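Report on one structure; see the data block that follows.
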Amino acid sequence: MADDSAAPSGDTWTTIESDPGVFTELIASMGVSGCQVDELWSLDVESLEALAPVYGLIFLFKWRKEESAPPPVQMDTDDANPSSSSDVFFANQVINNACATQAILSILLNRSDTLDLGQELGTLREFTKEFPPDLKGLAIGNSESIRHAHNSFARPEPFISDGTRSAREDDDLFHFISYVPVNGTLYELDGLKEGPIPLARNVTEKTWLAEVCPHIQKRIQASAAGEIRFNLMAVVQNRLDALANQVAEARAEYRGLCERLQVVVDESSPLLIDDVGGTAAAPSSSASTFEGDDDAARTALEQCTTRLGDLLEMRRAEVEKRDAWREENIRRRHNYVPFLFNFLKILAEKKQLKSLIDKARQTR
Numbered sequence: 201m202a203d204d205s206a207a208p209s210g211d212t213w214t215t216i217e218s219d220p221g222v223f224t225e226l227i228a229s230m231g232v233s234g235c236q237v238d239e240l241w242s243l244d245v246e247s248l249e250a251l252a253p254v255y256g257l258i259f260l261f262k263w264r265k266e267e268s269a270p271p272p273v274q275m276d277t278d279d280a281n282p283s284s285s286s287d288v289f290f291a292n293q294v295i296n297n298a299c300a301t302q303a304i305l306s307i308l309l310n311r312s313d314t315l316d317l318g319q320e321l322g323t324l325r326e327f328t329k330e331f332p333p334d335l336k337g338l339a340i341g342n343s344e345s346i347r348h349a350h351n352s353f354a355r356p357e358p359f360i361s362d363g364t365r366s367a368r369e370d371d372d373l374f375h376f377i378s379y380v381p382v383n384g385t386l387y388e389l390d391g392l393k394e395g396p397i398p399l400a401r402n403v404t405e406k407t408w409l410a411e412v413c414p415h416i417q418k419r420i421q422a423s424a425a426g427e428i429r430f431n432l433m434a435v436v437q438n439r440l441d442a443l444a445n446q447v448a449e450a451r452a453e454y455r456g457l458c459e460r461l462q463v464v465v466d467e468s469s470p471l472l473i474d475d476v477g478g479t480a481a482a483p484s485s486s487a488s489t490f491e492g493d494d495d496a497a498r499t500a501l502e503q504c505t506t507r508l509g510d511l512l513e514m515r516r517a518e519v520e521k522r523d524a525w526r527e528e529n530i531r532r533r534h535n536y537v538p539f540l541f542n543f544l545k546i547l548a549e550k551k552q553l554k555s556l557i558d559k560a561r562q563t564r
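Residue numbers (the numbering used here): 201 to 564.
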């Protein structure tokens with residue numbers, strides 16, 4: 201649970217912004233490769249499946265004390281017992297303001313079969329494998345590298361506070377939970393609960409997204425009337441890596457079809473320039489299926505050219521998104537207070553500050 205009133209100090213965990221650019225860089229800084237975080241704007245199966253493969257979902261909502269009890273789940277007795285979910289990496293949240301990072305870790309550490317966790321998280325997972333949830337939470341809290349990666353996104357504090365106050369009832373407290381499939385069972389992982397909550401069994405990589413949507417919708421509907429502050433994000437495959445592979449395959453098919461039709465390949469064409477990355481594979485064998493059928497091969501070449509252009513445009517958009525994330529993260533970390541202080545000081549020295557203040561008051 202994140203308390204926005206808490207001020208960063210010492211070696212505590214600070215509140216970080218719920219943003220896909222922040223979470224993607226955070227994941228990379230913890231040594232994990234091959235994935236990123238994308239924000240979802242609609243809760244429907246089609247939108248989720250368009251991002252496949254989806255490794256897990258992160259849901260942010262306003263936490264209320266009366267929501268601390270887990271939702272009712274119709275499962276078999278053995279499945280409904282959280283303690284029986286021994287294959288799931290589940291950690292209690294014992295560190296304040298760490299719920300964002302813990303929600304991310306709940307997905308990453310349960311998808312070690314498909315993700316490269318890197319040395320730090322791989323060692324943590326193996327070391328805490330037999331730990332109870334509370335000790336796993338302490339292990340996460342005591343990880344210097346994870347805490348450093350998390351706190352690197354702390355908002356610069358313009359003033360140093362003498363201390364932090366306790367959260368009041370009227371404070372806005374937000375909380376992160378995760379949804380992830382493990383060994384054919386869909387789980388809700390909430391660090392404030394006693395254990396993982398099974399939501400559906402016999403799910404696959406293709407079906408679990410359809411199963412999870414109704415559970416998230418129920419959470420939204422159960423919130424206070426008029427509450428719209430929700431955020432849903434998906435941990436997905438690194439889109440640049442996926443697009444680089446698709447571009448390489450499309451280029452290989454393009455070259456193969458050109459060879460089949462004896463068309464001279466223009467290597468200076470924008471379709472074939474590797475400006476971002478991805479090495480073209482050997483010519484695809486798909487061209488051989490058009491042996492003796494030039495019309496079919498020409499149609500396939502036209503379709504391949506269109507598809508390759510679409511893929512390159514998607515890759516360009518993804519690169520621009522990553523650049524925007526990078527620039528925004530730099531801004532988040534920068535402390536603008538000294539600049540603003542000196543700017544106001546210069547305005548005062550030039551006798552311009554008072555007139556600007558008076559003008560601003562008149563327009564209020």
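Backbone N, C-alpha and C fix where the C-beta goes; we use that ideal spot for every residue, glycine too.
Computed from a predicted structure; not experimentally measured.
Asked: To the nearest angstrom, how far is the alpha carbon of ILE420 from that of PRO332?; Found: 30 Å
Asked: In angstroms, rounded to a whole number, what distance separates the CA positions of LEU257 and ILE340?; Found: 20 Å
Asked: Relative to the C-alpha of ASN292, which candidate in LYS545, ASP390, PHE430 and ASN535 has its C-alpha closest?; Found: ASP390
Asked: Can you check DSSP and say which residues form a bridge with GLU388?; Found: TYR379 and ILE397
Asked: Using a 10 Å radius around the Cβ and a threshold of 16 neighbouring Cβ atoms, would you call TRP241 buried or exposed?; Found: exposed
Asked: Quickly, what does DSSP pair ASP316 with across the bridge? List them, please.; Found: SER233
Asked: Whole angstroms is fine: what's the gap from PRO220's alpha carbon to ALA500's?; Found: 37 Å
Asked: Using 8 Å as the Cβ pair cut-off and three pairs as the minimum, do the segment 376–385 and the segment 296–314 touch?; Found: yes
Asked: Using the C-alpha atoms, what's the distance from ILE546 back to LEU512?; Found: 48 Å
Asked: Reducing DSSP to helix, strand and coil, say where ALA250 ends up.; Found: coil
Asked: Which of the three DSSP states, helix, strand or coil, is assigned to TYR536?; Found: coil
Asked: The beta strand (DSSP E) with ALA434 in it runs from where to where?; Found: 431–437
Asked: When the Cα atoms are used, what is the spatial distance from GLU449 to ARG515?; Found: 14 Å
Asked: Rounded to the nearest angstrom, what separates PHE290 and GLU330 at their Cα positions?; Found: 11 Å
Asked: Taking contact to mean at least 3 C-beta pairs separated by less than 8 Å, is the segment 400–413 in contact with the segment 226–241?; Found: no
Asked: Rounded to the nearest angstrom, what separates GLU518 and LYS393 at their Cα positions?; Found: 37 Å
Asked: If you draw a straight line from the alpha carbon of THR301 to that of HIS350, how long is it in whole angstroms?; Found: 7 Å
Asked: Leaving out the 5 sequence neighbours to the left and right, which residues in its chain are closer than 6 Å to ASN431 when beta-carbon positions are compared?; Found: SER218 and LEU260
Asked: Contact between the segment 437–456 and the segment 523–538: three or more CB pairs below 8 Å?; Found: no
Asked: Name, in chain order, the residues that DSSP records as bridge partners for GLY221.; Found: BP columns for GLY221 are empty, so no partner.
Asked: Our contact map puts GLN417 next to LEU243 with C-beta atoms below 8 Å; I'd like the distance itself, whole angstroms only.; Found: 6 Å
Asked: What residue from LEU226, THR215, ILE216 and GLN236 has the CA that sits closest to VAL435's CA?; Found: GLN236
Asked: Can you list, in chain order, the residues of its chain whose CB lies under 7 Å from that of LEU321, leaving out five sequence neighbours each side?; Found: MET230, GLY231, VAL232, LEU308 and LEU309
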